[in-house]
Amino acid sequence: QNIQHGSLTVPDLNIRIILHHGIPLTSSILAYDPIQGLLAIGTL
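Take a look at the structure:
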């Protein structure tokens with residue numbers, strides 16, 4: 009495609025979230041090891 013500088017508009021962009029940080033919504037159990045400082049998360 010031959011796009012000139014400054015010719016893009018918001019509808020031209022297809023912005024999607026491809027990463028998720030944090031605890032998943034389907035997590036069913038959590039376990040924490042204070043000695044190693046680890047958090048284990050079990051999901052369905």
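All letters in the sequence shown, in the order written, are residues 9 to 52 by this note's numbering.
Virtual Cβ for every residue (Gly too), placed ideally from N, Cα, C.
- According to DSSP, glycine 30 shares a beta bridge with no other residue.
- Bridge partners of aspartate 41 according to DSSP: Leu46.
- Between the C-alpha atoms of isoleucine 49 and arginine 24 there is a straight-line separation of about 26 angstroms.
- In this model, histidine 13 and threonine 51 are separated by some 46 angstroms (Cα to Cα).
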